[in-house]
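Worksheet for the structure shown next.
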Amino acid sequence: MGAMEWSGGQAERPGRGRRVLVVGGGIAGLGAAQRLRAHPAFSQLRVLEATARAGGRIRSERGFGGVLELGAHWIHGPSRGNPVFELAAEHRLLREKDLSEENQRMETGGHVGLPSVTYASSGVSVSRELVVETASLFHSLIDQAREFVRGAAAPAPSVGEYVRGALRALAAGWTDREDARRLRLALMHNFLNVECCVSGTHSMDLVALAPFGEYTVLPGLDCTFPGGYQGLTNHIMASLPEDMIIFNKPVKTIHWNGSFQEAASPGETFPVLVECEDGGCFPAHHVIVTVPLGFLKEHVDTFFEPPLPTEKADAIRKLGFGTNNKIFLEFEEPFWEPGCQHIQVVWEDMSPLEDVASQLQDVWFKKLIGFWVLPSFESVHVLCGFIAGLESEFMETLTDEEVLLSLTQVLRRVTGNARLPAPRSVLRSRWHSAPYTRGSYSYVAVGSTGEDIDRLARPLPEDGAEAQKIIQHLEEEGLKNVVFTNCVRDENIQQVIPMVRGLVESSHRYHRQENLEYCALVIGIPNVGKSSLINALRRQHLRKGKATRVGGEPGITRAVMSRIQVCERPLMFLLDTPGVLAPRIQSVEMGLKLALCGTVLDHLVGEETLADYLLYTLNRHQLFGYVQHYGLDGACDDITRVLKHVAVRLGKTHKVKVLTGTGDVNVIQPNYPAAARDFLRTFRHGLLGPVMLDRDVLRSSSRADP
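Every position in the sequence shown, counted from 1, becomes a number in the working numbering once 436 is added.
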């Protein structure tokens, strides 16, 4: 396979900076490119997009005299902490009312707003009172379904089964007439279909119950982009060089964990080679894959070479990915009342408590949850219908004329107006048919958990054998029940509470007959992440924000804090504590390792001393990421030369007055302490790659084994 050269104004000569490829030009890929481009270590950066446009499932098009959102529609939870909202606000893409504090404080509970009018299939309008009452009941059941993430045993595998079970018990006590009962159940069926659109699934029977509440609902009344969602991606693209994104470049295979070369970079090897459908190849140091899960599901066996590790491939297969489409109908005159925003359509022969076997071509339109009234477009009027699941995918196979005819009949039937004028035209999305998308969005399916999302996000290659060596070494020293956590990505955080509970209840010191609550002390060396762990546990189990201050240096926590709740079921509290170091460290090198990890303030050891030991460690373990990062000609064991290069490259210099026989002279000298601080900061932020400071300890331990 021949490699393509990294030509273009944004690329530097070979050997300067890390080559990074982003596969996929959707919002995730563009965001990654924008973030990486701001760092000098990633000066050689490309985005490969399979189609002729950027934005992925953000797709705004001109139609009917206005902007139509064929993909992403709303900002859900537009408030501080929502990155999409913050970007949109930064670029002034929203209305003033959407930016108001009042709007940001609105609590919706993640539920879709009530309809303006509800039509039944018998041609009558459903009373507002019944709609509000039924919606309130349904929302309470959904809220209850979210509670099982807190630790209580889930009584059913799926959200759909749980809701139906609870509804069946409630319906047994209803005293309505049969027609009123049937209408109430029809409303419930519609609300379940709405939830299918929200989750992007065919049926809520496919959505796992236990992790359902892991989705964090942010405050704020959902809002739209007046000029189109695409404005967000346009602003991101405007910050990137024009030649950074290569369009119409579908990727065939990502060859990873190898050693690849190219003629333009003699002597340099790359661990990844991205092979495109047209035969072009791009060698890289790193690849970020941002393609939709639907595409991965279809190509998981061929898209990666060698194949993905079993746990990652299984995560792709187990997680759910469904279809949610939109159908836009253009009318010359509106048949709805002024001020109407949302038209709900319910079918009285549909019930969540009954399974009706029907052919898709006969009933596909019954999955349509209703229509949203779009702002007036010049002289026309537009409705937007939403439909999810297999019915949505079947709709994609129909012609525009067939869709128009079916929906005209639906609207005439539910309004009771047989003379209702037909829509003038139709426009619709087809996300399942899109070959590089194959659906709309993902959900945690029955048989999967939120941890599958974490597994999918973890970088490759992973050295599981090394992790096992660490656990084995710790067990030999008497330390058991080890969990590797990452409080930035919340990896393995969910394992902590069950492990603590099991350890307490199995302890010989545990004699209480009835457990009311647990209280544990969090102890460790300074700056190891005790406060971050507490905050991560609160995020996972209580959906609450930070309770303790965190920082990248020791001494943030200065006293034993009051009890902090981290879980509801079981009721558990943790006590944050200041970091503790042994009064005597066994060796100078151990002290330097601890200092590199930030357990003591750098100036107490000396930044240049720490930088020297870091350079020694990197060279000893043949970790030469610093060479690429700082653009050195090669590995170097002279810390003075390295820091001088870093200082000059980053502009960290200062003037020094030198006395000479002819007078004072100002000389520009490198700022070695500033360069050392940057070197240490780069290491601690992970920009030099993963570094295990105790690798020599593991090796000596393994050599001692018989």
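Idealized CB from N, CA, C, for every residue including glycine. Please read all numbers here as calculations on a predicted model, not as lab measurements.
In summary, residue 797 is exposed, with fewer than 16 beta-carbon neighbours lying within 10 Å of its beta-carbon over all protein chains present. Distance from the CA of residue 596 to the CA of residue 761, rounded to the nearest whole angstrom, comes to 21 Å. Residue 1103 and residue 704 have their C-alpha atoms spaced approximately 38 Å apart. Between residue 681 and residue 710, the beta carbon gap of about 15 Å keeps them out of contact (Cβ cut-off 8 Å).
DSSP, read as helix, strand or coil, puts residue 722 in strand. Taking the C-beta atoms as reference points, residue 655 is found no nearer than 8 Å to residue 531.
The DSSP assignment places complete beta strand (DSSP E) segments of no fewer than 3 residues inside the stretch 962 to 1029 at 1000 to 1003, 1008 to 1012, in order along the chain.
With distances taken between CA atoms, residue 543 lies nearest to 514 out of 819, 559, 514, 551.
As the crow flies, the alpha-carbon of residue 907 is around 13 Å from that of residue 1131. When C-alpha distances from residue 684 are compared across 1066, 1000, 487, 794, the shortest belongs to 487.
Membership of residue 659 in any alpha helix (DSSP H) is not indicated, and neither H nor E is assigned to it by DSSP. Segment contact: the stretch 858 to 865 against the stretch 561 to 572, fewer than three CB-CB distances shorter than 8 Å; contact not assigned.
Taking C-beta separations shorter than 6 Å and ignoring five residues to either side along the sequence, the partners of residue 540 in its chain run 515, 656, following chain order. The Cβ atoms of residue 892 and residue 779 do not sit closer than 8 Å to each other.
Under a 10 Å Cβ-count criterion, residue 917 is classified as exposed, with fewer than 16 other Cβ atoms of the shown protein chains found around its own Cβ. DSSP, reduced to helix, strand and coil, places residue 606 within a helical segment of the structure shown. Going by DSSP, residue 689 is part of the beta strand (DSSP E) stretching over 687 to 691.
DSSP places residue 502 in the strand class (E or B) of the three-state scheme. Restricted to the stretch 782 to 845, the beta strand (DSSP E) segments that are unbroken, complete and at least 3 residues in length are 806 to 809, 817 to 824, listed in chain order. Look at residue 577 here: in three-state DSSP terms it is helix. Contact between the stretch 799 to 808 and the stretch 742 to 756 is absent, with fewer than three C-beta pairs closer than 8 Å.
With a cut-off of 8 Å on Cβ pairs, the stretch 1108 to 1125 is in contact with the stretch 1040 to 1048, counting three or more such pairs. Between the stretch 1078 to 1092 and the stretch 1106 to 1113, the count of C-beta pairs closer than 8 Å reaches three or more; the two stretches touch. Counted as a single uninterrupted DSSP element, the beta strand (DSSP E) harbouring residue 555 occupies residues 553 to 556. When rounded, the separation of the alpha-carbon atoms in residue 1004 and residue 644 is 21 Å.
Ranked by Cα distance from residue 1047, the first of 1058, 1057, 1031, 1061 is 1031. With respect to the 8 Å criterion, residue 763 and residue 843 are classified as neighbours on the basis of their beta carbons. In the three-state reduction of the DSSP assignment, residue 653 falls in the coil class, being assigned neither a helical nor a strand state. Counting only the Cα atoms, residue 1055 lies some 35 Å from residue 887.
Nearest Cα to residue 524 within the set 759, 668, 1106: 668. Residue 598 sits in a helix when the DSSP states are folded into three classes.
Judged by DSSP secondary structure, residue 467 falls within the alpha helix (DSSP H) whose first and last residues are 463 to 473.
Within a 10 Å sphere around the beta-carbon of residue 759 sit 16 or more other beta-carbons, which makes this residue buried. Following the DSSP letters along the chain, one finds residue 1085 inside the alpha helix (DSSP H) bounded by residues 1075 to 1086.
With 16 or more other Cβ atoms inside 10 Å of its own Cβ, residue 966 counts as buried.
One Cα belongs to residue 613, the other to residue 939, and the distance between them is close to 55 Å.
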